[in-house]
Every structure is written in C-alpha cells, then in structure tokens.
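Residue numbers (UniProt numbering): 1 to 295.
Even glycine gets a Cβ: it sits at the ideal position worked out from N, Cα and C.
Here the structure comes first, spelled out in structure tokens, and everything after it is commentary.
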C-alpha cells in the first residue's frame, strides 16, 4: 500500500514536469515567432524606406540634370534680349553713331527705316580696316540688336551702303554703268521733266535725266505693273530734296514691284575714283536714304 502511494506521487510529479516542460516550449515558440515577425516587419520597413530614398535621389538627380541641360541650352542661345529702356530712337542713334565711328571718312546714310518696316535698326559691316572699300548691311527688327551681333547672320537686310575705290576715274565711271535712253514714247513726268517709255522682254522701262543723274523705273508687264506712277513720285520728291552731286555720273534704277529684296532698287554715283552704291527694298526710300548722306 505504501509502495503504491509512493508510485502515485512519482507518477503525478512526472506528469507535472511534463506539463511544465510543454508549456515552456510553447511560450518559447510563440516568442520566436513574434521576434521573427518583428524582424520581418523591420526589414520590410527599412527596405521600403531605402527604396523610397533611392527613388527620391534618382528623381532629384534627374531634375538636376534637366535643369543643367536647360541652363546649357539658354547659355548657347543667341536670341537677343529686348531692353524696355532702349527705344527705337535710342537704338537708331546708337547704331548710326557706331557706324560713323567705324567709317569716319564718309557721310553714311541716316534715313533707312520706313513706316512699313520693324522699328529697331541694326547693321552689319565689313572690316573697318579698309576705309576705301567697305559695305554696310542694314536690318529692321522687332528688338534691339547691337551692330555686328552674330544674331544678324540669320536675318534679312532691308538696305545696304557700299564704297568701292577704283584705280582711275574711267574705271569708276564704267562701274556706275549709266544708262541714257531717250527712245520710246515721251511721257510728261511733271515739273518740266520728260521721260521716255518703251517695252522689252516682258517689262516696261521709263527713263529720264536730272543733271548728271540718269533714272529709270522698271515695271513688269506680266504682273500688270505700271512704271509711270512711281516715276512721277520720284520726280516730285526730288523737287524738294537734294541728291549728292555725282563727279561725274550717277545712275538710279527703281522697280515698280513690291519686294522684300533690298537689291531691287539701287542708287549708284561716282566721286572721282570712288563709287558709292545704296540699295533698299523700297524704291522711294532708296532715294531718301541717298539724300540723307548730304544732310
């Protein structure tokens, strides 16, 4: 009986230990699972943070690169900047002053712009080192551009002034290429001046003389142009304005058609061994531009 009691105690003790051992193992497993879950969450969070940080870094780098590219593009741009304080009048004064400084031995033209052109005058020139042979191209733009700025390379001139020096008076006279033609139908141009008109190769030519100057207006028959109105306007203007006196001859060639080519109308005159040439896209402005060299 005593032995049975002892065995019962031993059996109960064993069961208790077994129960305690099982409970400890369960707690340990649960703790490990929680620890693993926490570690996993921490790793995931850090990974997410790193990914976000990396993404932000890449985004910042891309924006910086884009900004750098934009700055480079702007720095390479040749687009002139319009100054609000630089009015068309101030711009014209600056351009004409610069040209007079570069070519001080000659009376350069001053009347270049018209009511039909843009307001800002600028110019491009050949080297000022050769005072005996040079050329000036004039431009009318919507913004102020300095003389000889690279921006004018892509622009179209509206007028030009050229000086060429020859070896003799005879060579200079030949370069003027004066044309005197009193053939064809006589036309009264007003102010006691008579012109002569005739047709050739699809065009009509109306010619007349004023002093040492020979003048001609060309009109296209194909375009239905008429030479007489422009010829009369030219005669009327020259009654109130003074052209430079050629030494010895001068030639004015005007075109009745409207064109954006500055070579359409030309005024050429001799001064000894020197030949001056003015060209303008507008016929009457070519005359005004020439007259302005005497003012």
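In this structure, residue 138 and residue 160 form a Cβ contact; the two beta carbons are roughly 7 Å apart against a cut-off of 8 Å.
Look at residue 214 here: in three-state DSSP terms it is strand.
Residue pairing by DSSP places residue 265 opposite 280 in a beta bridge.
If you keep only unbroken alpha helix (DSSP H) runs of at least 4 residues inside the segment 155-191, you get 169-176. Residue 244 has its alpha-carbon roughly 14 Å from the corresponding atom of residue 163. In this model, residue 133 and residue 165 are separated by some 6 Å (Cα to Cα). Taking 8 Å as the upper bound for CB-CB distance, residue 147 and residue 99 are in contact here, some 7 Å apart. Each residue's CA atom was taken as its position, placing residue 110 and residue 267 some 15 Å apart. Non-local C-beta neighbours of residue 92 in its own chain, meaning closer than 7 Å and more than five positions away in sequence, comprise 121, ordered along the chain. Setting aside the 5 residues that flank it on each side, residue 131 is surrounded in the same chain by 105, each with a C-beta closer than 6 Å to its C-beta; the list follows chain order. Between residue 286 and residue 279 the beta-carbon gap is near 7 Å, inside 8 Å, which marks them as a contact. In terms of Cα proximity to residue 181, the closest of 203, 156 and 207 is 207. Per DSSP, residue 136 is one residue of the beta strand (DSSP E) stretching across 134-141.
Here the alpha carbons of residue 185 and residue 142 stand approximately 45 Å from one another. Distance from the CA of residue 129 to the CA of residue 251, rounded to the nearest whole angstrom, comes to 28 Å. The three-state reading of DSSP puts residue 207 in strand, counting E and B together. Residue pairing by DSSP puts residue 193 in a beta bridge opposite 190. Inclusion of residue 221 and residue 203 in the CB contact set at 9 Å is warranted, their separation being smaller than that value. Considering only 97, 144 and 126, the residue with the shortest C-alpha distance to residue 85 is 144. Our two residues, residue 276 and residue 240, have alpha carbons roughly 22 Å apart in a direct line.
If you compare the alpha carbons of 290, 262 and 246 with that of residue 117, the shortest gap goes to 262.
Judged by DSSP in its simplified three-state form, residue 275 adopts strand. At least 9 Å separates the beta-carbon of residue 256 from that of residue 200. Non-local C-beta neighbours of residue 191 in its own chain, meaning closer than 8 Å and more than five positions away in sequence, comprise 235, 236 and 239, ordered along the chain.
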